[in-house]
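S.K.: Chains as they are written, first to last, in the working numbering: chain V, 7 to 122; chain R, 176 to 289. Note that CB positions come from ideal geometry on N, CA and C, so glycine has one too. Below are the structure tokens for one structure; questions will follow.
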């Protein structure tokens, strides 16, 4: 069975602070994919990143960075110099390699509030 | 491309009524799915389809039916609405080529069952 845990329910930071959102996953599959989605107050789900289980390289995209560590089954997301526009609910998700079926298992989300 | 579209955006039903949530995509994606989002529970998979004519159940399928007669459309039917089905429903689609590709989500349908 697959499981994603986001232990941080809500986080508040002051603008320009750095913040890390934690994600811990469980799966017995050796091939799997990890995702982060952003859900702003408007409600849509915005894709941020996908990482497969064979690629443990960290990734940086502007102010966003992701730290994937198989040894601890974690896929953490850091926002550097946070901005008010980063206020949203962030979801971590997991998918395993089932041919043709890309079913996502979501964590319960972390609500980030950036205070100006 | 319009991406993934969902209609309606909002709906209020009475207990026992039936309705269909529409989902369409114009990206020629094989894989489509429906999720529901409830407070504190993230998104949970209801049903999914890996191609026209093929559907299967997800984590929470009870009370919902789906069909996939075309690649583009994947409607979700509520047979007899119950208050427990009050939720936000998201449709998603992606390519499916033996590898997991990124799922793109529609804007959601907010359903209230009284």
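1) Considering only their Cβ atoms, is the gap separating residue 74(V) from residue 57(V) smaller than 8 Å?
2) What residues in its chain sit with their C-beta under 6 Å from that of residue 263(R), if we drop five residues either side in the sequence?
3) Is residue 54(V) close to chain R? Criterion is C-beta to C-beta, closer than 8 Å.
4) By Cβ distance below 8 Å, which residues in the same chain neighbour residue 62(V) in space, the five residues on each side in sequence not counted?
5) Compare the beta carbon distance of residue 233(R) and residue 220(R) with 8 Å and say whether it is the shorter of the two.
6) Can you tell me the Cα-Cα spacing of residue 116(V) and residue 42(V), whole angstroms?
7) Kindly list the residues whose CB is nearer than 8 Å to the CB of residue 258(R), restricted to its own chain and excluding five residues on each side of it in sequence; keep chain order.
8) Out of 216(R), 251(R) and 187(R), which has the shortest C-alpha to C-alpha gap to residue 230(R)?
9) Could you tell me which of 90(V), 8(V), 122(V) and 85(V) sits nearest to residue 40(V), measuring between CA atoms?
M.R.: According to the structure shown:
1) Closer than 8 Å, so yes.
2) Same-chain partners within the cutoff: 212, 283 and 285.
3) No - not a single Cβ of chain R is within 8 Å of the one on residue 54(V).
4) Here the set comprises 74, 75 and 76.
5) Yes.
6) Rounded to the nearest angstrom, the gap between the Cα atoms of residue 116(V) and residue 42(V) is 11 Å.
7) Answer for residue 258(R): 190, 288 and 289, listed in chain order.
8) Of the listed residues, the one whose Cα sits closest to residue 230(R) is 251(R).
9) Ranked by Cα distance from residue 40(V), the first of 90(V), 8(V), 122(V) and 85(V) is 8(V).
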